[in-house]
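Sequential numbering from 877 applies to the sequence shown in this note's numbering.
By construction, the Cβ of each residue, glycine as well, lies at the ideal position given by its N, Cα and C atoms.
Report on the structure given below.
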Amino acid sequence: MINRTITSYTILNYFSEKGISQIDLYVPFACKCINKNASQTVSIEDLKKWFSEEYGLSKIYQGVFVSLLKKMTSLGILSLGGGCYNINKQQLIKEIEKFHEIDNSSSIEKLCQKLILFSKENFGVEFSIEETQNGILRFLENHDGDIILDEKGLIDRVARQTEKSKKLNYILSKFIIWSKDNSSETFQLFKNIAKGHALSSLLSMKGVCNYVGKMSGVTIALDSPIIFNLLSLNEKVNFDMSSELLGILKKQGCDFIIFKQHYQEVLQTFNSTIHLLYTKDYSLDKASRLLKYAVRNKISASFLKSKRELLDSILSKWNISICEAPSIPNRYSEIDSVKLNELLMKRYLDNNVEIDENKRKTIENDVDVISYIYRMRGNSPASNLKNCNAILITTNTALAYASKHPELSNVCHSIPVCMTDAFLSTILWFCYPDTSSDINEKVLLSECYNNLSLSDEILHRFYSEVKELDASTPISEEIMLNINTSRMVQELLESKTFNETSLYTDKTTAEILQEIEISRKTEIKTLSGTLGNHDAKFLKIAKSISSIIVFVIWLLLVSLIVFLEFVDYSNWSNIWKILFNIISTIVFLWGPVCWLISKLEFFNNKDYLSDYFTLKIFKVIKNWFDK
């Protein structure tokens, strides 16, 4: 049986594509619930219960139903009297007849079957129809538009996941990316489900009405990862999402800046990554996102140097100004920077991220920039996007969470000072669907790639265990070089852990080292086979050169005899005469002897002189090639 919640998401998306927006999207749902379950009156509690029973939409808070009933009253479907909402049956039926739902149950079942087959064939993991449906819902819940506003909800959802469901989250990300290129129908259906879920989440989000309104004059500060996205130094979908997001904001009349701290951070990341790629003196557990991306995609130091040279031109293209710290407004009290630093440090430590000097500097930069955004907002609370003055856009969810902590400032803003690019993109898609029709797709794909991006916690554990093993049983230099510089480690860790720390076992590190060793030996064997193929070519070349050398020797001897025929050597010493006679005899017998050797079985049909030169020349060629 197909999950009602998933089908409801497709219906919700269907209504949105018909031009219905915001709270009006729930009107068709409410009308059908009332028509089925009520005869004369309806209450908020009734409607909330029916939404859950009929459509599986149980996470809608009460305020939404208050607004919904008011909307239905304005449409004449309900009337308020005697302390309750009375039903106008005639208008109710008329409203229901406006909308004809499409039953996507069979299509959703096919999607699940494809996912089951994909998982079995590519990962050897089998799921039931029910498991895949629950997995799709968990995937959407973990990555929808309200994550930044509901940290506790996210933590609770993650805690409830089983080992198998964690694997499915990874496999589903792979499946969505695969379907984008290989099954447009499957991808479109999943996109519709995701859009319906995003709509449901945003409609249920407290304070969503605050995000409605033009953003003209709002200053958008960009974090360093956004700049790397614009430089195409991340997955292509991240470039697409950042470009489209900035394009929408530019049309809204926003101004773009990057604070000097983040600009210097971009340059420092470039310089250190280029240096490390040249020296190969690094390990991936301490690597920046840029270095990991470069190793994974075999990007050279020289290529990064060319990208670095394009930095200022990219900033110029998007009219991104480099800014110093803004001035402190009158009677303004600064945020609690110490508290923000502590919050960020704790989050990184909880995720086993090593806090080295570079990380400390990054945290300091982020704290400074967050304080700058608060300064730019001043003493007046930002109640909506239009009057919020400034926003920091980042890809760092840790920074987005920490910056909205209520104890940081005396001024409480309804609009967060820091948002993820995914969250703001979803909000803009929700509020202005006509101007950002494709951005929801890009957000979905971006989240999929984020799921597949190997966590720092997994990398840290792997390298820590490698160091322990190396201390007790030294690992060869070849394998250590492979561990530190090859993309193979990342790929193996992903395949064995499904990018979930809890799936990392005591055997994982040893298994990966074993596979690296097997791979190295296979490469050597393959190379040997390749060299074996080359040997035949080398031998052929050596024989040709040997034949030329033998011919030249014979030609020189004949030339010498001919030359001596015209020379008077009667006065030569006896030694020279003997030598000349020997040479003359050799030249004379050369032809007959060579013919005789080739014909007699005793000599095995070999040309010993030619073979001698052939062997010597072959060794020279092979040694040169090997080097």
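| query | Can you name the start and end residues of the beta strand (DSSP E) that I1246 belongs to? | reply | That residue, I1246, is in no beta strand (DSSP E); its alpha helix (DSSP H) goes E1233 to R1253.
| said: If the criterion is Cβ atoms closer than 8 Å, does the pair K1215 and E1323 meet it? | reply: no
| request: Can you grab the Cα-Cα spacing for the pair I1359 / L1369, in whole Å? | output: In a straight line, the C-alpha of I1359 is about 11 Å away from that of L1369.
| said: So for F1132, helix, strand or coil by DSSP? | reply: strand
| said: Between which two residues does the beta strand (DSSP E) holding G957 run? | reply: L954 to G957
| Are three or more beta carbon pairs between the region 1182 to 1193 and the region 1158 to 1168 nearer than 8 Å? | no
| field | Coarse secondary structure for L1030, derived from DSSP in three states | value | In this prediction, L1030 scores a pLDDT of 49, lower than 50, which makes its location untrustworthy; no coordinate-derived value is stated.
| field | Residue interval of the beta strand (DSSP E) (run including A1266) | value | Run containing A1266: A1266 to T1270, per the beta strand (DSSP E) assignment.
| field | Paired residues, beta bridge with Y961 - DSSP | value | V918 and L956
| task | Grab me the residues of A1170's own chain with a C-beta within less than 7 Å of its C-beta, minus the 5 sequence neighbours each way, in chain order. | result | Cβ neighbours of A1170 beyond the five flanking positions: T1149, L1153 and L1180.
| query | Out of curiosity, what's the CA-to-CA distance linking L1122 and Y937? | reply | Spanning the two alpha carbons is a distance of roughly 32 Å.
| Inter-stretch contact at 8 Å, needing at least 3 Cβ pairs: the region 1191 to 1199 / the region 1127 to 1134 | Yes, the region 1191 to 1199 touches the region 1127 to 1134.
| For L818, which three-state DSSP category applies? | Because the chain is modelled from 877 through 1503, residue 818 falls outside the range shown and cannot be assessed.
| query | Quick one: Cα of A1070 to Cα of N1114, how far? | reply | Going from the Cα of A1070 to the Cα of N1114 covers about 18 Å.
| Applying the criterion that 16 or more other CB atoms from any shown protein chain within 10 Å of the CB defines a buried residue, is L1476 buried or exposed? | In this prediction, L1476 has a pLDDT of 49, which is less than 50 and means its spatial position is unreliable; what the coordinates show is noted afterwards. Its Cβ having fewer than 16 others within 10 Å, L1476 is exposed.
| request: Pick out whichever of I887, F1063, Y1308 and Y1139 has its Cα sitting closest to the Cα of A906. | output: I887
| field | Exposure of L993, with buried meaning 16 or more beta-carbon neighbours within 10 Å | value | exposed
| query | Out of G939, G1000 and E973, which has the shortest C-alpha to C-alpha gap to S1371? | reply | G1000
| query | In chain order, what residues of the same chain have a beta carbon less than 7 Å from the beta carbon of C1307, not counting five sequence neighbours either side? | reply | Answer for C1307: Y1087 and V1088, listed in chain order.
| message | Quick check on this structure: which residue in I1269, S1080, I1012 and K1495 has the alpha carbon closest to the alpha carbon of L1044? | response | Taking L1044 as reference, the option from I1269, S1080, I1012 and K1495 with the minimal CA-CA separation is I1012.
| task | Reducing DSSP to helix, strand and coil, say where C1294 ends up. | result | strand
| query | Which residues mark the beginning and the end of the beta strand (DSSP E) in which C1199 is found? | reply | I1196 to C1199
| query | Roughly how many whole angstroms lie between the Cα atoms of M1356 and D1116? | reply | Cα to Cα, the separation comes out at about 36 Å.
| field | Pairwise C-alpha distance: E1218 and N1286 | value | Annotation: N1286 to E1218 spans about 18 Å, alpha carbon to alpha carbon.
| request: Compare the beta carbon distance of N1375 and L1304 with 8 Å and say whether it is the shorter of the two. | output: no
| said: Looking only at its chain, what residues have a beta carbon closer than 6 Å to the beta carbon of F1489, apart from the 5 residues adjacent to it on each side? | reply: S1422 and I1425
| said: So, for D1242: in the same chain, excluding its five sequence neighbours on each side, which residues have a beta-carbon less than 7 Å away from its beta-carbon? | reply: Taking D1242 as the centre and dropping the five residues before and after it, the same chain places the C-beta of L1220 and L1275 closer than 7 Å to its C-beta, in chain order.
| Applying the criterion that 16 or more other CB atoms from any shown protein chain within 10 Å of the CB defines a buried residue, is P1350 buried or exposed? | exposed
| said: Here's a check: name, in chain order, each residue in its chain whose Cβ is nearer than 6 Å to the Cβ of P1202, leaving out the five neighbours to either side. | reply: Y1248, R1251 and M1252
| Residue of Q989, G1072 and D979 minimising C-alpha distance to F844 | In the structure as shown, the chain starts at 877 and stops at 1503, and residue 844 therefore has no counterpart that could be examined.
| Nonlocal neighbours in the same chain, by C-beta distance under 8 Å from S864, ignoring five residues either side | Summary: the structure shown does not reach residue 864, with the chain confined to residues 877 through 1503, and so no result is reported for it.
| Do T1385 and I1334 have their C-beta atoms closer together than 8 Å? | Between T1385 and I1334, the gap from beta carbon to beta carbon reaches 8 Å or more.
| field | G959, buried or exposed, once every other Cβ within 10 Å from all chains shown has been counted against 16 | value | exposed
| message | Runs of 3 residues minimum, wholly inside the region 1125 to 1209: which ones carry the beta strand (DSSP E) assignment? | response | 1131 to 1135 and 1196 to 1199
| Pair within 8 Å by beta-carbon distance, L1079 and V940 | In this structure, V940 lies closer than 8 Å to L1079 by Cβ.
| query | Just to confirm, are T1095 and L987 a CB contact at a threshold of 8 Å? | reply | no
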